[in-house]
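So the sequences go chain by chain: A and B. Quick note on my numbering: the first sequence kicks off at 106 and runs consecutively. Quick note on my numbering: the second sequence kicks off at 80 and runs consecutively. Beneath this line is the structure, given in structure tokens, with notes to follow.
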Amino acid sequence: MTTAVDIAVIDYGMGNLHSIAKALRHIAPQRNVWVGDDPDIIKSASHVVYPGVGAIGDCMAEVRARGLDQVIVEVAQSKPLLGICVGMQGMMARSDENGGVDCLGLLPNRVQFFSDHFKLAKRLEDQQSVLKVPHMGWNQVEQTQPHPLWQGIDEGARFYFVHSYFVAASECPFTVGKSHYGIDITAMLAHDNIFAVQFHPEKSHHDGLQLLKNFVNWDGAS
Amino acid sequence: MGLAKRIIPCLDVDNGRVVKGVQFVDIRDAGNPVEVARRYDEQGADEITFLDITASHEARDTTVKTVEKIASEVFIPLTVGGGIRECQDIRRMLNAGADKVGINTAAIHNPDLVRQASDRFGSQCIVVAIDAKQVSRATDRQKARWEIFTHGGRKSTGIDAIEWATKMAAYGAGEILLTSMDQDGVKKGFDLGLTRAVTDAVNVPVIASGGVGNLQHLVDGVIEGHADAVLAASIFHFGEYSIGDAKKYMAQHGIEMRL
């Protein structure tokens with residue numbers, strides 16, 4: 106028989122979850138890390154990870170087709186939940202990607218496209234703010250609010266980002282860490298037991314692994 | 080303060096061993112890929128690129144196993160290229176633990192592959208690798224011209240490198256890996272004219288590759304070539320410099336780096 110699942114990584118069929126699973130197994134070898142889409146197992150886990158790769162339209166469609174939207178909303182009320190990249194974006198009310206997509210609405214924000222912002226910067230002749238899309242590589246994260254998940258991570262530490270859509274830090278009161286790429290973006294946010302990052306901790310070397318370690322040891326209280 | 084420029088060590092892997100040749104001949108053995116990747120990770124590499132130069136199918140299974148092993152120990156982005164012909168090959172490498180997949184020759188034969196792949200897997204994991212050679216120099220009357228070459232730089236396609244890079248970005252490539260076949264392995268520095276022309280023409284990040292012989296070449300690639308990332312192999316494989324040396328040197332020259 107299966108042993109109890111400690112950490113559930115939600116798989117909705119959108120690509121590579123091996124990286125996140127491998128990183129979690131690496132930092133928590135004594136915990137049972139499970140990857141899948143069974144609602145009962147997800148609800149039984151102590152910690153849940155909502156990852157995301159690819160376009161939000163397909164992601165949300167898959168999440169809904171598997172009935173996982175209800176599961177994530179339920180989990181978000183009761184236990185530590187970590188959203189990563191498109192997973193973080195999926196927690197918002199709406200995204201501008203794919204012509205506009207309704208998301209889970211756990212948080213009220215809108216996800217915007219860098220190019221739209223940069224076109225505006227170009228019109229304003231603020232060439233300094235016109236940058237390449239996707240935002241790809243190691244950017245610094247400024248810790249704007251204290252949080253238990255910052256433990257052991259230096260102010261201004263760099264994490265690996267790869268994304269074309271963002272949440273504006275100025276519009277998101279839950280931001281606990283921000284980065285600058287033409288505009289201040291929400292790199293890390295926290296709201297009760299919900300925690301989310303725009304970057305990829307599983308690809309961010311020591312600091313990324315430290316953040317994952319902090320998450321799996323977190324009880325969901327801020 | 081902002082996004083750092085990246086240093087990417089490249090592992091050319093043939094039949095389970097890291098090799099490095101000069102313009103694809105005179106191959107030297109540089110070790111076990113898992114050990115080499117682990118060493119670069121410890122030295123602070125920003126990413127690792129793994130290029131499978133094996134011809135045979137059997138050896139490709141070895142590659143998948145090697146990628147799996149690297150991905151379970153090294154927690155930085157891993158790009159795998161070489162022999163990617165269809166979406167199934169991409170799926171296989173992503174499942175093995177690659178974060179990005181490099182497409183080269185197959186994109187030339189079937190540009191739609193890039194479109195399909197970026198639709199299916201997302202642009203963020205599709206890197207189009209371009210091997211270019213200069214075919215005419217800049218004069219008072221005309222700009223320099225580079226063309227895409229295949230077969231390790233032996234066969235011209237007649238395709239203009241800058242037009243091709245622009246087209247690939249429009250088809251959904253999330254990044255361009257640009258190699259100068261004139262410079263590759265000769266350690267005299269990147270082709271800066273090519274690097275700058277392509278980098279300035281596309282709106283996706285460009286990795287400069289081919290020709291690094293010393294640390295100043297890396298600086299030149301970013302400052303003169305405008306590259307978003309620099310790739311090198313032999314200066315790191317044979318212990319001439321560590322990744323840390325390279326990052327420190329670049330930072331001293333005013334380039335934002337992850338130290």
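The beta-carbon is built from N, C-alpha and C at its ideal position, and this holds for glycine as well.
At a cut-off of 4 residues, the continuous stretches assigned as alpha helix (DSSP H) that sit fully inside the stretch 212-286 of chain A are 219-228. Note on Pro156/B: 16 or more other CB atoms within 10 angstroms of its CB, so buried under the neighbour-count rule. Annotated three-state conformation of Lys318/A is helix, per DSSP. In the three-state reduction of the DSSP assignment, Ser259/B falls in the strand class, which pools E and B.
Only residues of its own chain outside the window of five on either side were considered, and among them Pro239, Met241 have a CB closer than 6 angstroms to the CB of Val267/A, listed in chain order. Classified as buried, Val281/B has 16 or more neighbouring CB atoms from the shown chains inside 10 Å of its CB. Of all alpha-carbon atoms in Lys148/B, Arg118/B, Asn94/B, the one lying nearest the alpha-carbon of Phe317/B is that of Arg118/B. By the rule that beta-carbons nearer than 9 angstroms mark a contact, Pro112/B does not touch chain A. Residues of chain B whose Cβ lies closer than 9 angstroms to the Cβ of Pro239/A are, in chain order, Ser202, Gln203, Gly253, Glu254, Val283, Pro284. Proximity of Arg337/B to chain A, defined by a Cβ-Cβ separation below 9 angstroms, is satisfied.
For His296/B, the enclosing alpha helix (DSSP H) starts and ends at 294-302. Val92/B is not a Cβ neighbour of Thr158/B, given a cutoff of 9 angstroms.
In the structure shown, Glu319/B adopts coil according to DSSP, grouped into three states. In summary, the residues of the stretch 122-153 of chain A whose CB is separated from some CB of chain B by less than 9 angstroms are His123, Ser124, Lys127, Ala128, Arg130, His131, in the order they occur in the chain. With contact defined as three or more Cβ pairs closer than 8 angstroms, the stretch 274-289 of chain A and the stretch 244-252 of chain A are in contact. When secondary structure is reduced to three states using DSSP, Phe300/A falls in the strand class. Less than 9 angstroms divides the Cβ of Ser220/A from the Cβ of Ser269/A. Along the stretch 153-173 of chain B, the positions whose C-beta sits under 8 angstroms from a C-beta of chain A are Phe154, Ile155, Pro156, Leu173, read in chain order. Runs of alpha helix (DSSP H) with 4 or more residues, each lying fully within the stretch 214-250 of chain B, are found at 240-249, listed in chain order. For Thr184/B, the enclosing alpha helix (DSSP H) has its first and last residue at 184-188. Around the beta carbon of Ala217/B, fewer than 16 other beta carbons lie within 10 angstroms, which makes this residue exposed. In this model, Arg169/A and Gly325/A are separated by some 25 angstroms (Cα to Cα). When the beta-carbon positions are compared, Leu310/B and Pro88/B come within less than 9 angstroms of each other. For Leu82/B, the nearest CB of chain A lies under 9 angstroms from its own CB, placing it at the interface with that chain.
Beta-bridge analysis with DSSP links Glu254/B to Val206/B. Setting aside the 5 residues that flank it on each side, Gly81/B is surrounded in the same chain by Glu335, each with a C-beta closer than 8 angstroms to its C-beta; the list follows chain order. Residue-level contact by beta carbon fails for Ala276/B and chain A, as no gap is shorter than 9 angstroms. For Ala150/B, the chain A residues whose C-beta falls within less than 9 angstroms of its own C-beta are His123, Ser124, Lys127, listed in chain order.
By the Cβ criterion, the stretch 191-200 of chain A is in contact with the stretch 209-218 of chain A, since at least three pairs of Cβ atoms, one from each stretch, lie closer than 8 angstroms. Around the beta carbon of Gly333/B, fewer than 16 other beta carbons sit within 10 angstroms, so the residue counts as exposed. Secondary-structure assignment with DSSP links Ile290/A through a beta bridge to Ala273/A, Ser284/A.
Of all C-beta pairs linking the stretch 302-309 of chain B to the stretch 264-277 of chain B, three or more are shorter than 8 angstroms, placing the two stretches in contact.
For Ala175/B, the enclosing alpha helix (DSSP H) stretches over residues 166-175. Look at the beta carbons and you see the stretch 199-213 of chain B touching the stretch 155-164 of chain A: at least three pairs across the two are nearer than 8 angstroms. Pro134/A carries a coil assignment under DSSP once its states are collapsed to helix, strand and coil. Closer than 9 angstroms to the CB of Asp178/B there is at least one CB belonging to chain A.
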